[in-house]
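Chains A and B, in that order, are what the protein sequence lines are.
No gaps in the numbering here: position 158 of the first sequence is 150 in the numbering used here, and each next residue is one more.
No gaps in the numbering here: position 64 of the second sequence is 46 in the numbering used here, and each next residue is one more.
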Amino acid sequence: MPRIESDLNRFRQIVRGRVREELKKHLGHTELFGKQGGRVVSIPIPHLDLPHFTHDTGGKGVGQGDGAGDGSGQGAGDQPGAHILEAEFSVEELAKMLGEALELPRIRPKGDDELASRGGRYTGITTSGPESLRHFKRSYRQALRRLIVAGTYDPTNPKVSLVRSDRRYRTWKPRSLPKANAAILYAMDVSGSMGDEQKEIVRTESFWLDAWIRAHYQGVRTVYIVHDAAAKEVDRDAFFRIRESGGTVISSCYELAARIVEERFPAQEWNLYFFHFTDGENYSRQDSDRSADIVADKLLPALNLFGYGQVEALGTRGDFYDVLRTRFDADERVALSRLPDRDAVVDSIKSFLGKGL
Amino acid sequence: MSSVLPPELSREQERIEGFARELGLTFFRVVFEMVDWKQMNALAAYGGFPTRYPHWRWGMEYAELSKSYEYGLHKIYEMVINNDPTYAYLLQGNAMVDQKLVMAHVYGHADFFLNNVYYAHTNRKMIDAMANHATRVRRHMERHGVEAVERFLDASLSVEDLIDPGAVFRAKPRQNAEPTDAVESKDVGRLPSKPYLDRYVNPPAYIEERRQAMSAAREEAKRNPPQPERDVLGFVLMQAPLEGWERDALELVRDESYYFLPQRQTKVMNEGWASYWHTHMMTTRILSDAEVIDYADHHSGTVAVSPGRLNPYKLGLELFRDIERRWNTGQFGPEWDACDRMSERRRWDRKLGLGRDKVFEIRRLHCDATFLDEFLTQEFCEQQGLFVSKKNARTGQDEVDSRSFDDVKQALLFHFTNGGRPVIEVIDANYGNRGELLLAHRHVGVDLRMDWAKEVLENLTRIWKRPVRLETVVANKPKRLGHDGTKPIEEDLEQAALKTKTRAR
Chain A
-7 MPRIESDLNR
3 FRQIVRGRVR
13 EELKKHLGHT
23 ELFGKQGGRV
33 VSIPIPHLDL
43 PHFTHDTGGK
53 GVGQGDGAGD
63 GSGQGAGDQP
73 GAHILEAEFS
83 VEELAKMLGE
93 ALELPRIRPK
103 GDDELASRGG
113 RYTGITTSGP
123 ESLRHFKRSY
133 RQALRRLIVA
143 GTYDPTNPKV
153 SLVRSDRRYR
163 TWKPRSLPKA
173 NAAILYAMDV
183 SGSMGDEQKE
193 IVRTESFWLD
203 AWIRAHYQGV
213 RTVYIVHDAA
223 AKEVDRDAFF
233 RIRESGGTVI
243 SSCYELAARI
253 VEERFPAQEW
263 NLYFFHFTDG
273 ENYSRQDSDR
283 SADIVADKLL
293 PALNLFGYGQ
303 VEALGTRGDF
313 YDVLRTRFDA
323 DERVALSRLP
333 DRDAVVDSIK
343 SFLGKGL
Chain B
-17 MSSVLPPELS
-7 REQERIEGFA
3 RELGLTFFRV
13 VFEMVDWKQM
23 NALAAYGGFP
33 TRYPHWRWGM
43 EYAELSKSYE
53 YGLHKIYEMV
63 INNDPTYAYL
73 LQGNAMVDQK
83 LVMAHVYGHA
93 DFFLNNVYYA
103 HTNRKMIDAM
113 ANHATRVRRH
123 MERHGVEAVE
133 RFLDASLSVE
143 DLIDPGAVFR
153 AKPRQNAEPT
163 DAVESKDVGR
173 LPSKPYLDRY
183 VNPPAYIEER
193 RQAMSAAREE
203 AKRNPPQPER
213 DVLGFVLMQA
223 PLEGWERDAL
233 ELVRDESYYF
243 LPQRQTKVMN
253 EGWASYWHTH
263 MMTTRILSDA
273 EVIDYADHHS
283 GTVAVSPGRL
293 NPYKLGLELF
303 RDIERRWNTG
313 QFGPEWDACD
323 RMSERRRWDR
333 KLGLGRDKVF
343 EIRRLHCDAT
353 FLDEFLTQEF
363 CEQQGLFVSK
373 KNARTGQDEV
383 DSRSFDDVKQ
393 ALLFHFTNGG
403 RPVIEVIDAN
413 YGNRGELLLA
423 HRHVGVDLRM
433 DWAKEVLENL
443 TRIWKRPVRL
453 ETVVANKPKR
463 LGHDGTKPIE
473 EDLEQAALKT
483 KTRAR
């Protein structure tokens, strides 16, 4: 149906801002909902609204049932002749959707040339082997060939018998696959100023970062670091739950990260990702400078990507973002983003992963 | 456009059509087309029609449908258009039992299209009309540029719902109404008298009063429109200084809007009616034993409820069944209403068997608003677990606000009256004697969504070519919003009135 294609192209041009700039202000996102392991994920697709006279109902609607649910209600709307099915997604599919939605480039792992043997397949043939692997057809063909060459084969009386040297066996050939190791280090500031809302933002963002990076490597290792004035390594669960109070000393976190990288993940063998989330209010100016030094001297040489996300609670405005920006603006391994609210997560992911490193 | 129906399906169609006739359904000839999912999505984006005028909004719909189909979020099973013959689509690769279900469902819709009174005026050759609309818009785009025409269409579409749902049921206004000078020719009603008695027979104050009343009546007669006009689109079409192609574009938008109006007005009834018949036909006549489980699975998907969203299939189906049960057992009328003993009510059965007749009558005469107003009962509400939900401003989640019958019914009626859209009327086409358009919003306790209202007004200036104003109420204060083509206008109503008065003085 070529006509719909031309309408679709027109719509895409409008969305990309090529034509009809003034319509861009109506651009919102329709959310398609899907479920993933009990977690509801939404898939944003661009949507342009034509304004109409409508009521401002303040989210009132009529529903049916016991009223319990996931709270993802969308009023009383319904599509003609369509009904919504729940969809199960694997993390890989989610990563693919994310990549499509945000137009992310594929990650180019370093160390492509490194080979590692991993598994193999029965693709070869040899003349000796266990009887259980005997290839009957090939053995028979070999015997037939021998008889024909010797001139003893009689087509009117096709009798073929195998001798020892006719036997052929399947054999196992090892296969080499390129191997790239990857590790992700997540660090989060858990000082008193990081509230639940901020942690939720970090959780959402790290879920998607994880999904995308995992789609490009096998067996990704993750390390979680929390810090306030001092840093420590924790497990995933504690990472999102822990609530400390106290000040923020960023250098403590970067020192710990540098040590972990040095001890466990030598740069030549690992693709390393380091994401740090904080509100950016560091204890002192000196410590900020020291932190930046650690990043420049110890961390960056080993890292594929250093992502810094500044989660800004209402009214706070940390200055560490600016410290990093003035210092590393030209370095493409450093990605900085500010997260004033949940909506900023998408842009932040894009700025972290948009480089394809 | 599509392939011929395979023989096993056309045999099924014949069978199902036979059952439908036997059960008393009547319809135009129904034509099924087999399409693949891409065609199905494209057709759905076009509202079921094979051709529509070029517009980006179909492309957007298509993108949305394709995406959610690819991710397995939904699948369109049936689509049917109100036309003679009635066209319906079957999705290639669906299981046989699904195809049968869709066919049975479609015959329900086809019967509804033909018999419901709200559809009586619709153009039954709409497929052809839509194709003509497409040709017309393409021609305008070739002459005047894609962008200019598209801009105008966007503006027109943003007021496409400002039509008069009642217009189709009223006689057209008389063309040559009483000429306005009829008022002028009447004199002030001076009685004959001797000059020396004139002051007493015709008191000057009274004569002056009469004179003023008559001049006011003359002014009134000049009013355009004479009465507030609901069909804003039609009014603007007649009176705005439009270019030929603009008039044509606006007219086709209005035609399509009137065509789709009954489908918006009868969503619950139409889907309920079709579901009522597909369940009846499938379970009593069509299904083979092996197909029962698949059918049950699919049907329960269609009528599934999810929190925060009203399923018209479910609501309509249950309400039709409830009505059938009530009229079969005689649970209606004054005697039933007067009975307040629960035990008796529960056992109530007058064995009237009027249910089937009643539902046929309802499908002819009602639209969603009247259907729910008349037949929604407290018992039904409780049994179906209907509730009013409200967004919690703090958590951003929908929560149950009320389960009381009155609240639910009020919310439902609000949602289904005028499609849940505000009522807007034209009051004056010559506002301030400057040829400006004045609209009024019939405020019913809910404000307009402001940002959109302002943009609609801006869009209207593109059509009317002069400033446009709208009287409404914002946060309990009467206001006049508007747009003069370059910048928005916002006036407090009392103050504005004051200003005109001072100027007059």
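Heads up, the beta-carbon is just placed ideally off N, CA and C, and yes, glycines get one too.
Rounded C-beta distance between residue 451 of chain B and residue 421 of chain B? I'm assuming under 8 Å. 7 Å
Where residue 320 of chain B meets chain A, residues with beta-carbon distance less than 9 Å: Simply none; closest approach about 30 Å.
Examine chain A for any beta-carbon lying closer than 8 Å to the beta-carbon of residue 98 of chain B, and answer yes or no. no
Considering only C-alpha positions, which residue in the set B:74, B:385, B:241 is nearest to residue 522 of chain B? Coverage of chain B is limited to positions -17 through 487, which leaves residue 522 of chain B absent and any answer about it impossible.
Check whether the Cβ of residue 196 of chain A lies closer than 8 Å to any Cβ atom in chain B. no
Helix, strand or coil, according to DSSP, for residue 371 of chain B in the structure here? strand
Report the residue from B:366, B:173, B:326 whose alpha carbon sits nearest the alpha carbon of residue 188 of chain B. B:173
Are any of the Cβ atoms in chain A nearer than 8 Å to that of residue 406 of chain B? yes
Buried versus exposed, by CB contacts within 10 Å (16 or more), residue 268 of chain B: buried
Do residue 320 of chain A and residue 274 of chain A have their beta-carbon atoms positioned less than 8 Å apart in this structure? no
Only counting the same chain, and skipping five residues up and downstream in sequence, which positions put a Cβ closer than 6 Å to that of residue 280 of chain A? 274, 312, 315
Step through the CB atoms of chain A and report whether any lies within less than 8 Å of the CB of residue 340 of chain B. no
Bridge partners of residue 423 of chain B, per DSSP? B:406
Is residue 2 of chain A close to chain B, meaning its C-beta is less than 8 Å from at least one C-beta of that chain? yes
Return the CA-CA distance between residue 255 of chain A and residue 234 of chain A, expressed in angstroms with no decimal places. 25 Å
Answer yes or no: does any C-beta atom of chain A fall closer than 8 Å to that of residue 419 of chain B? no
Nearest to residue 124 of chain A by alpha carbon, out of A:0, A:162, A:195, A:186? A:162
Assuming residue 442 of chain B is part of the alpha helix (DSSP H), what are its boundary residues? 432 to 446
Residue-level contact to chain B via CB, residue 335 of chain A, 8 Å cutoff: no
Using the Cα positions of residue 228 of chain B and residue 313 of chain B, report the straight-line distance between them to the nearest angstrom. 55 Å
Judging by CA-CA distance, which residue of A:160, A:128, A:126, A:165 is the nearest neighbour of residue 112 of chain A? A:165
Around the C-beta of residue 486 of chain B, are 16 or more other C-beta atoms found within 10 angstroms, so that it is buried, or is it exposed? Bear in mind that the predicted position of residue 486 of chain B carries a pLDDT of just 43, short of 50, making it unreliable; the figure below should be weighed with that in mind. Result: exposed.
Would you call the CB atoms of residue 407 of chain B and residue 124 of chain B closer than 8 Å? no
Report yes if the CB atom of residue 189 of chain A is closer than 8 Å to the CB atom of residue 337 of chain A, and no otherwise. no
Could you name the residues of the same chain whose beta carbon sits closer than 7 Å to that of residue 454 of chain B, not counting the 5 residues immediately before and after it, in chain order? 423, 425, 430, 461, 463
Helix, strand or coil for residue 39 of chain A? Go by DSSP, reduced to three states. strand
Any C-beta of chain A within less than 9 Å: which residues of the segment 351 to 383 of chain B qualify? 366, 367, 368, 369, 370, 371, 372, 373, 374, 375, 377, 378, 379, 380, 381, 382, 383
In this structure, how does DSSP classify residue 136 of chain B when only helix, strand and coil are distinguished? helix
How far does the alpha helix (DSSP H) with residue 352 of chain B in it extend, from its first residue to its last? 350 to 357
In three-state DSSP terms, what is residue 269 of chain B? coil
How many Å lie between residue 256 of chain B and residue 91 of chain B at the Cα? 5 Å
Between B:216, B:396, B:138, which has its C-alpha nearest residue 370 of chain B's C-alpha? B:396
How big is the Cα-Cα spacing for residue 28 of chain A and residue 87 of chain A? Residue confidence for residue 28 of chain A is low, a pLDDT of 47 falling below 50, so the modelled location carries little weight and cannot support an answer.
Is there at least one Cβ from chain C nearer than 8 Å to residue 431 of chain B's Cβ? Given the protein chain composition of this structure (A and B), no chain C is represented.
At a Cβ threshold of 8 Å, is residue 303 of chain B touching chain A? no
Beta-carbon proximity list for residue 447 of chain B, same chain, < 7 Å, skipping 5 on both sides: 222, 223
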